[in-house]
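Undergrad: Residue numbers (full-length UniProt numbering): 1 to 613.
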Amino acid sequence: MWSRYMTRTVPAQSLGAIAVLITLSFAVAPYGNTRQSGIDSDMTPWQWILAAYMVLLHIISVLFTARAFQAIGYVHRKICETSTHYGNPDKFARSPEFAIIIPAYKEEPETLHLTLAILASHELASYYHVYLAMEEREVGVHTKAMDLIASFKGVFRNMSFTLHPGDLPNEAPGKSSNEAWAAKKISEDFSMSSNKENVVVVTMDADTHLPSLYFTEIARLHLDATSDERARTIYIPPLVFDRNLHHVPLPVRTTDMMWAGAGISNLGPSSTVSIPTSVYSLPLGLVQQVSGWDVDTGAIGEDLHMYLKCFFALSGELRAKVVFAAASQCNVASGNAGIRGYVEGLWARYRQAVRHTWGSLDTGYALRQTIDLASRHRILRRQTCSCNEKNSSKACPAYATPELTQTRLASAGGARNSSSVDCCDYSAPKISYTRVLAVFRRLFEAHFIPAQLPFLITASSIYEVACPRFLVPSNLQLVLDFCGYCRFTSYLMMLAYLYRYEKYHQTCVGLRKEEMRRAGLLALMDETDSFSPNAFCTFGLIEAALFPIGGVLFGTIPAIHSTLFHLFTEKLTYQVSLKPRAMLTRRDTEKANGSLFTHEAGGVSGGHNWTKL
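1. Looking at the structure shown, is Ala333 part of a helix, part of a strand, or coil, going by DSSP?
2. Relative to the alpha-carbon of Gly551, which residue among Val155, Pro276, Trp259 and Leu304 has its alpha-carbon at the smallest distance?
3. Asp526 by DSSP, collapsed to three states: which one?
4. Alpha carbon to alpha carbon, how far is Tyr74 from residue 691? Give it in angstroms, no decimals.
5. Between which residues of its own chain and Gly261 is the CB-CB distance below 7 Å, once the five residues before and five after are set aside?
6. Using the beta-carbon count (16 or more within 10 Å), is His305 buried or exposed?
7. When the Cα atoms are used, what is the spatial distance from Leu476 to Pro450?
8. DSSP has residue 619 in a bridge; who is on the other side?
9. Across the stretch 244-252 and the stretch 337-350, are there enough close Cβ pairs to call them in contact, namely three or more that are closer than 8 Å?
10. Provide the residue(s) that pair with Phe190 in DSSP beta bridges, ordered along the chain.
11. Run through DSSP, which three-state label would Arg517 get?
12. How many angstroms separate the CA atom of Thr556 from the CA atom of Ser191?
13. Should Asn158 go down as buried or exposed, given a rule of 16 or more other Cβ atoms within 10 Å for buried?
14. Out of Asn244, Arg77 and Met54, point me to the one whose CA is closest to Asp529's CA.
15. Looking at Asp256: is its Cβ nearer than 8 Å to the Cβ of Tyr280?
16. With distances taken Cα to Cα, identify the nearest neighbour of Met525 among Thr115, Pro96 and Leu21.
17. The beta strand (DSSP E) that contains Lys144, what's its start and end?
18. Cα-Cα, which of Pro211, Leu163 and Pro473 is closest to Trp46?
19. Could you tell me if Lys503 is buried or exposed, where buried requires 16 or more neighbouring beta carbons within 10 angstroms of its beta carbon?
20. Going straight from the alpha carbon of Arg220 to that of Gly174, what length do you get?
21. Determine the contact status of Ala535 and His505, defining contact as a CB-CB distance below 8 Å.
22. Just the C-alpha distance for Tyr491 and Ile560, rounded to the nearest angstrom, thanks.
23. Which complete alpha helix (DSSP H) runs does the stretch 443-503 hold, if anything under 4 residues is left out?
24. Can you tell me whether Arg232 is buried or exposed? The criterion is at least 16 other CB atoms within 10 Å of its CB, across all chains shown.
25. Is Ile102 closer than 8 Å to Val130 when the C-beta atoms are compared?
26. Select from Thr573, Ile18 and Ile59 the residue whose C-alpha is nearest the C-alpha of Gln352.
27. In this structure, does DSSP put Thr84 in helix, strand or coil?
28. Looking only at its own chain, which residues have a Cβ that is under 6 Å from the Cβ of Ile149, when we skip the five neighbours before and after it?
29. Whole alpha helix (DSSP H) runs in the stretch 212-241 with 4 or more residues, listed along the chain?
30. Which one of Arg376, Ala545, Gly268 and Ile549 has the shortest CA to CA distance from Val79?
31. Going by the DSSP bridge assignment, what does Asn158 pair with across the sheet?
Okay, here's the thing in structure tokens:
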């Protein structure tokens, strides 16, 4: 119990340590070790420690912005190259089955209709098993689910819904628990399948619009890989906020561009690890191996949490493949106009930011998993190998876990009971410490820097104003000047990233429009105002220059908020983010008479032509 508390509060402990360090450096002995012969002074030990840490944070910050700048260019270029795969007839010859989980707690039916209509227009729609992951506690959920299923009857291979019970102990409501419940249903549905190896589980947000190319690229990557590679691969797309960007406050807009950039920065060719954001896919076998999604209060950041769960289960050998087909996302929006709508939009984005930064609990989770990983590998290495030469020559794959090893030992032993088989029939896999360190660097960037760096900048700025420059220790002044240059460099690099993001954004919008035109959905998308042609709407890059405002409002403040609250609780009531409602022109009563859409089958592989009633 105490170990869990101590690990979950590591970000808060570090923030407290920095506060003490700032006090000792800037308040207790602001002038350093002053010599009696004059005002010339040296730094105190506390100032040396603070200076070294400030330099470290600023260097990491510069490297992050440089990585984001490089990655957005790489991803943009690869998306342009991959888009030429449209229309290749060979790619539909065979495909894995896709089990698509759509968490839909209190989501508007119109939003779900539009998302499903996009999926239904895909060439591989007949390979989709769609699962609406809903909450039993939602009023009218059964009727909503049945209406949606009736609307898309015969379009997908299968479509069903799951209701996560609201009275289960130790299960927090939210996306992760809905996914976990749906994953159980998926496992049941495919329990007798002889092709389970070729089942890919896709998880997405209710308002995410995935292009057809996302699935065809996964099919290509999955089927081209070996069986061993398939079992330990996660598929990750880049994100783009291109649907209602022109309707949200500027701080929300720039924040979401930086949020997308944080995810894209992991997808460059130089990234050792790639962590998903909101949308990702992984093989059913891996989902079952790790027992699905966690449902406790510490799993609120379900994308990162699930990645870490799989990563440590595979001893760091989880491999990520980037799918260069952008997932279209909505910005949080209040839906109201005027000053009231503006303020409500800011507040809605802040609540979403708190939920995002609440995921800093995963730092503690990663620490506990690392300790557990090292412990179980130490036990495996200590065990004595008693197998014969034939069995001892069999190598355990690099991603083996104790559970997987025991399973294979049982199968290798034939009629023997698995408990009687020595675990050293297979060698203990090595831990990929390089990849583990890379994961912790990403966690440090996400869970420590947003709160700590602005805190240090504010404190050092006050110190420089309050303390005359000639009284500041010379080495400390050099450090403060160096950090200032780093901040200016990071600012310029972020502006360069936002410039590239604008080009990336325009390309993604163009590709999505073309796909909607081919699917016959362009008129519907225009009707629902589902395209933001430009990332910066009025003043161009002048708007981009104001990104620090959004960074403070929806980055620093929520990060400190979450970090301090973790000292007292890890529970956060899940609230669905406000998203723009898909305004369809048909009356709500028409849903009871059938569907908002009719379709004409376009062949066994999908290709449905959707038209508005």
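From the three backbone atoms N, C-alpha and C, an ideal C-beta is built for every residue, glycine too.
Bear in mind the structure is a predicted one, so any value in this text is a computation, not a measurement.
TA: Once the coordinates are examined:
1. coil
2. Trp259
3. helix
4. In the structure as shown, the chain begins at 1 and stops at 613. Residue 691 is therefore absent and cannot be evaluated.
5. Ala68, Ile72, Tyr497 and Tyr501
6. buried
7. 23 Å
8. Because the chain is modelled from 1 through 613, residue 619 falls outside the range shown and cannot be assessed.
9. yes
10. According to DSSP, which records beta bridges pairwise, Phe190 is partnered with nothing at all.
11. helix
12. 46 Å
13. exposed
14. Asn244
15. no
16. Thr115
17. That residue, Lys144, is in no beta strand (DSSP E); its alpha helix (DSSP H) goes Val141 to Ser151.
18. Pro473
19. exposed
20. 32 Å
21. yes
22. 22 Å
23. 449-466
24. buried
25. yes
26. Thr573
27. helix
28. Met159
29. 212-224 and 227-230
30. As written in the sequence, residue 79 is Ile, which differs from the Val given in the question. Nearest of Arg376, Ala545, Gly268 and Ile549 to Ile79, Cα basis: Gly268.
31. His129
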